[in-house]
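J.:
Residue numbers (the working numbering): 204 to 512.
1. Report, in whole angstroms, the separation of the C-beta atoms of residue 275 and residue 321, which I expect to be a contact under 8 Å.
2. On the three-pair Cβ rule with 8 Å, is the region 433-451 touching the region 377-385?
3. Following the continuous alpha helix (DSSP H) through residue 288, name the residue where it begins and the one where it ends.
4. Would you call residue 297 buried or exposed, if buried means 16 or more other Cβ atoms sit within 10 Å of its Cβ?
5. Kindly give me the distance between the Cβ atoms of residue 254 and residue 404, rounded to whole angstroms, as I take these residues to be in contact under 8 Å.
6. Using 10 angstroms around the beta-carbon of residue 216, count the other beta-carbons present and answer buried if the total reaches 16, otherwise exposed.
7. Return the CA-CA distance between residue 359 and residue 250, expressed in angstroms with no decimal places.
8. Quick one: grab the DSSP three-state call for residue 225.
9. Do residue 500 and residue 414 come within 8 Å of each other at the CB atom, strictly closer than that value?
10. Any idea what DSSP makes of residue 253, helix, strand or coil?
11. Shortest alpha-carbon distance to residue 401 belongs to which of 455, 336 and 338?
12. Per DSSP, residue 348 forms a beta bridge with which residues?
13. Quick check on the DSSP output: the beta strand (DSSP E) that includes residue 395 runs from which residue to which?
14. With a CB to CB cut of under 8 Å and the five nearest residues on each side skipped, what residues in its chain are close to residue 318?
15. Over the uninterrupted alpha helix (DSSP H) stretch that includes residue 455, give me the two end residues.
16. Between 396, 461 and 444, which has its C-alpha nearest residue 406's C-alpha?
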């Protein structure tokens, strides 16, 4: 399965109008808050922003409300162990309406729906987490619950299921030792860059540095003729890296191993302009070729990969 995502990211404002979601602005804001509170691991700003982007892209039927995504940022920060950052971020948001505390009967489909709406998890992960929530509610003999209680319960189960690992640093890179020399070179040369992994919502995300790829594999000149060889060299190495990471995730945290990894070429239009392709027609042709080549190579992976350009 190939999931192809394209920019821009759309959300609904308070009037229901579709507006762009400024991911770079969110990342900058979060990084500033982490630094303000003395956290050295500001890479979490990038991880949280990418998680929000993926959540927005997963809402294929109806774009989510911007306020819901802002609340999800707060939830992520709290879940990952940064309540102080969450508090500062929340202070920058418009006042939120009081949460509904209606106590309602529950069943597993209801639990699954709540988790799908409020957590950055794929459906299979939501189903598994709903089973764990169901078991906990049965043990507590609770016949009725509020949505906020369900979310809090799920976060508690996630944090306890992460082996009490420290989420303030990237996950150990056991997979690196099992990579081919070519894959390690692709990482060390900067052609491929792995975004940090957190231990509670671990999803592998690889960025392709297109200028570096062109420099090393196209003789510094981007063209429709030189691009195929370069992509066909780099993408199989990306698939190899994602495969090793998924294998380690399945061993260390089987419950969260179903997340869909992504292969990204960030800021493609800007990058193409910087590489000298200023003609809109030429940029369109290069983008079309990139999509074709990426789909062709990632289709060989035994798991779905989301392509983000």
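Yeah, the Cβ is synthetic: ideal placement off N, Cα and C, and Gly gets one too.
In this text the structure is predicted, and so the values were computed from the model without any measurement.
T.: Taking the definition as stated:
1. Sure, about 7 Å apart at Cβ, within 8 Å.
2. By the Cβ criterion, the region 433-451 is in contact with the region 377-385, since at least three pairs of Cβ atoms, one from each stretch, lie closer than 8 Å.
3. Counting along the chain, residue 288 sits inside the alpha helix (DSSP H) bounded by residues 286-294.
4. Here residue 297 is exposed. Its C-beta has fewer than 16 other C-beta atoms within 10 Å.
5. Contact holds; Cβ gap of about 6 Å.
6. Exposed, by the Cβ-count rule.
7. Roughly 20 Å between the two C-alpha positions.
8. Assigned with DSSP and collapsed to three states, residue 225 falls in coil, not helix or strand.
9. Not a contact, by the Cβ cut-off of 8 Å.
10. Helix, per DSSP.
11. Closest by alpha carbon: 455.
12. BP columns for residue 348 point to 307.
13. Note, residue 395: beta strand (DSSP E), 395-397.
14. Exclusion of the five residues before and after residue 318 leaves 324, 329, 332, 333, 336, 353, 354 and 357 as the residues of its chain whose Cβ lies within less than 8 Å of its Cβ.
15. Start and end: 430-455.
16. A check of alpha carbon separations from residue 406 across 396, 461 and 444 identifies 461 as the nearest.
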